[in-house]
Amino acid sequence: MSFCKIGPNFPEWLKTQRFLEVLLMSMSGILDKAPSWFWNWTSNVDTIDLSSNNIEGDVSDILLNSRILNLKYNHLKGQLPHLSANVKMLNIANNSFSRSISTFLCHEENRRNKLEVLDASNNLLSGKLSHYWMYWQSLVYLNLGSNNLSGRIPYLMVSLVGLKALRLHNNSISGDIPPSLQKCSNLMLIDIGENHFPMTIPLWIGKMPSLQILRRSSGFKGHIPLQICQLSYLKVLDLANNSQSGSILKCLNLIRAMAMLHNYAYGVNLEYFNDVSPYYVSLINNLSGSIPIEISFLSKLHFLNLSQNHLIGNIPEKIGTMKELESVDLSRNHLSGEIPPSMSNLTFLVTWTCHTTTSQVEFLQAPSFRALMHSATLEILIFVALLLVKTEQKSENLMVIILWEKLKTRVGLALGFWGICGALFFKRTWRHAYFRFVYDMKDQAYVTTVLKVNWICKKFKKLTEESWPNTKYHIKYLQLEHVLSVSQTSLFFNVNSNWVPPF
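Right, here's the structure in full:
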């Protein structure tokens with residue numbers, strides 16, 4: 009009953025349902041407090057989805073027993089509820105749960121849990137991450153992002169041997185990342201951004217064989233370690249908004265998941281990471297030097313953001329080989345030279361932001377610029393050329409030229425389309441003649457097909473009568489001959505009936 013108007017009151021008729029196993033009632037307009045009987049009633053329901061409503065209530069003393077519970081985007085409050093060993097997935101994101109996370113993790117009743125997915129992000133949880141992770145070894149996905157958590161990442165998180173995703177972003181966690189975390193060999197995603205980690209990226213990061221997503225952590229400093237290139241599974245490298253320096257790694261082409269022409273065959277996929285766009289690199293830092301040509305070997309890359317650095321030199325000539333690119337941002341650097349002609353091969357490009365020190369006239373007259381504007385990248389939605397333009401008048405002239413280049417082809421397409429369709433729409437005799445032509449072509453194709461099939465059937469009949477009389481092949485032919493005769497009768501009435509125009 010998702011997307012149905014059930015509310016605003018909580019549905020009392022649920023109380024009469026005795027054998028319900030699955031309850032799907034998300035976005036149903038409930039603006040009411042969950043009654044006390046409801047949580048007892050759910051103890052025998054396997055799957056419950058009440059997400060995206062406005063259900064209120066304090067569930068601090070509630071024992072949940074359903075295997076799958078999706079209660080995100082409501083107004084539930086209090087301490088996180090107690091769990092039975094039957095609960096496998098609990099999503100309570102975007103509610104108003106508060107109090108200490110440690111109380112929930114170390115509660116004696118919760119120690120028997122078999123929970124695999126816990127998403128408590130975007131709440132008001134506080135306190136430090138406790139050391140009771142040995143009771144949560146079934147966890148596969150853990151998301152405690154966007155809360156008020158503090159302290160360090162505990163050493164005993166090494167107990168989460170089956171963990172695939174760890175999200176602790178947007179909290180007040182500090183200290184070092186414990187080396188024990190590398191023993192969680194199944195980790196595919198680490199997101200610890202918007203915290204307080206004043207440290208370099210640990211060198212042991214290259215020893216995490218399953219890592220596919222490494223998202224930014226504000227506070228990282230120093231150089232980007234070469235060990236990043238050992239992460240063959242990596243599909244997202246987001247180290248933006250840090251204080252890192254040095255040059256862009258020239259070994260990025262060794263990340264096979266980004267560089268393979270075909271999908272790199274891994275045994276795992278991004279099962280719980282639907283909100284993450286795969287295959288992108290974002291390195292917004294204090295990096296210097298030139299853009300290495302090796303980056304053009306990342307043929308699977310969709311998004312590339314190298315803005316707000318101190319990069320110099322030219323855009324790599326072979327950037328056009330990265331044919332999956334949808335967005336490129338090279339702005340706020342010190343790049344020079346022309347746009348490489350190969351960029352006209354980027355047929356999926358939607359957004360391109362660049363900044364060169366080439367003069368405005370040279371840039372606009374460059375053949376590569378003209379080729380880019382008239383290529384399949386004409387569907388660019390945002391095209392910003394941040395040149396060294398000193399006056400508003402020059403800036404306006406630049407945008408006029410860009411818009412005109414895009415507009416010329418669009419006008420041509422519009423005139424061609426409406427020149428034909430408009431004539432058919434307003435000229436009735438032309439319209440009837442056009443549709444008569446289409447119908448005649450259809451009938452001619454139909455007649456030709458039937459005659460060919462008839463010829464084949466006669467050949468087949470002769471062969472079956474001579475070789476396999478009264479066999480199943482002969483019987484099949486008789487069935488086919490009957491179908492053909494019906495088709496020919498239908499064709500006769502089709503061709504000889506009076507033709508009526510469609511409108």
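216 is the number that the working numbering gives to position 208 of the sequence shown; each next residue is one higher, with no gaps. Glycine included, every Cβ here is placed at the ideal spot set by N, Cα and C.
- Take Asn322, set aside five residues on each side of it, and the residues of its chain with a beta-carbon closer than 6 Å to its own are Gly345, in chain order.
- Annotation: the region 127–177 contains no complete segment of the alpha helix (DSSP H) (minimum length 4 residues).
- DSSP, reduced to helix, strand and coil, places Glu332 outside both helices and strands of the structure shown, so it counts as coil.
- In the structure shown, Asn261 adopts helical secondary structure according to DSSP, grouped into three states.
- Judged by beta-carbon spacing, Val30 lies beyond the 7 Å limit of Thr50, meaning their Cβ atoms are not closer than that value.
- For Leu157, the closest C-alpha among the options Lys172, Val148, Asn178 is that of Asn178.
- Within the same chain, Cβ atoms closer than 7 Å to the Cβ of Leu260 are found at Cys237, Glu302, Ile303, Leu306, the five residues on either side in sequence being excluded.
- Membership of Trp47 in the alpha helix (DSSP H) is indicated by the continuous run 44–49.
- A buried status is given to Leu242, since no fewer than 16 other beta-carbon atoms sit within 10 Å of its beta-carbon.
- Comparing alpha carbon positions, the residue from Ser36, Thr437, Lys41, Gly328 closest to Ser350 is Gly328.
- Around the beta-carbon of Gln220, 16 or more other beta-carbon atoms lie within 10 Å, marking it buried.
- Note on geometry: alpha-carbon atoms of Ser138 and Phe112 lie some 10 Å from one another.
- The straight-line gap separating the alpha-carbon atoms of Ile14 and Glu20 is approximately 11 Å.
- In terms of Cβ geometry, Met35 and Phe11 form a close pair [threshold 7 Å].
- Taking 8 Å as the upper bound for CB-CB distance, Leu195 and Leu174 are in contact here, some 6 Å apart.
- For Tyr288, the beta-bridge partners assigned by DSSP are Val244, Phe311.
- Below 8 Å, too few C-beta pairs join the region 162–174 and the region 115–123 to call them touching: fewer than three.
- The Cβ-Cβ distance between Thr359 and Ser339 does not fall below 7 Å.
- Residue state for Val446 is assigned as helix, using DSSP reduced to three classes.
- Gly65 and Trp47 have their alpha carbons spaced roughly 11 Å apart.
- One alpha carbon belongs to Leu189, the other to Leu39, and they sit about 42 Å apart.
- Assignment of Lys41 by DSSP, reduced to helix, strand and coil, places it in the strand class.
- Proximity to Arg75 across Cys114, Val53, Phe105 peaks at Val53, based on C-alpha coordinates.
- Looking at the DSSP output, Val125 sits in a beta bridge with Met97, Tyr149.
- DSSP lists Asp199 as the beta-bridge partner residues of Arg223.
- An exposed status is given to Gln452, since fewer than 16 other beta-carbon atoms sit within 10 Å of its beta-carbon.
- About 16 Å separates the Cβ atoms of Leu176 and Val148, ruling out a contact at the 8 Å cut-off.
- Distances from the CA of Ile70 to each of Thr456, Gly86, Arg160, Ile181 were compared; the closest alpha carbon is that of Gly86.
- Note on Ser315: 16 or more other CB atoms within 10 angstroms of its CB, so buried under the neighbour-count rule.
- In the structure shown, Gly183 adopts coil according to DSSP, grouped into three states.
- In this structure, DSSP gives Phe425 a helical state, which the three-state scheme calls helix.
- Using a Cβ distance threshold of 7 Å, Leu432 and Trp438 count as a contacting pair.
- Excluding the 5 residues flanking it on each side, Val336 has same chain C-beta neighbours closer than 6 Å at Leu312, Trp360, in chain order.
- Across the set Arg26, Lys80, Leu88, the C-alpha of Leu88 shows the shortest separation from the C-alpha of Ser68.
- Here DSSP, grouped into helix, strand and coil, assigns Cys192 to coil.
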